[in-house]
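Residue numbers (our numbering): 1396 to 1500.
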């Protein structure tokens, strides 16, 4: 019997109303840890984007990839409204997982 996998579509921010990054992963804890510890080369490392401000889940990788593409095409205001609706205080949703610089749980 195969285990169903969960996929995460997430939005990271540099700070409230700051630079945004949208991604997809099957291991959210590990991926956010990589972003927070600057192990992901490119955009998030360059612009210090590491605060998890929004996340949604699905059990279908194709749905996750489509949602990621959809969100990336949205204008900035729509993205900000989505974050504000679900996380009005822009709390880092990953703080419950670990602290910056710690090992992955």
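For each residue, glycine too, the CB sits at the ideal point set by N, CA and C.
Under the three-state reduction of DSSP, residue 1444 is assigned to coil, being neither helix nor strand.
The DSSP assignment places complete beta strand (DSSP E) segments of no fewer than 3 residues inside the stretch 1419-1482 at 1446-1453, in order along the chain. Only exposed fits residue 1411, as fewer than 16 other CB atoms lie within 10 angstroms of its CB.
Between the alpha carbons of residue 1407 and residue 1452 lies a gap of roughly 15 Å.
By the neighbour-count criterion, in which 16 or more other beta carbons inside 10 Å mark a residue as buried, residue 1439 falls on the buried side. A check of alpha carbon separations from residue 1415 across 1434, 1421, 1429, 1475 identifies 1475 as the nearest. Around the beta carbon of residue 1463, a 10 Å sphere encloses 16 or more other beta carbons of the protein chains shown; the residue is thus reported as buried.
Membership of residue 1486 in any beta strand (DSSP E) is not indicated, and neither H nor E is assigned to it by DSSP.
Between the stretch 1454-1468 and the stretch 1478-1492 there are fewer than three C-beta pairs closer than 8 Å, too few to call the two in contact. Per the coordinates, the alpha-carbon of residue 1418 lies some 11 Å from the alpha-carbon of residue 1430. When rounded, the separation of the alpha-carbon atoms in residue 1470 and residue 1435 is 25 Å.
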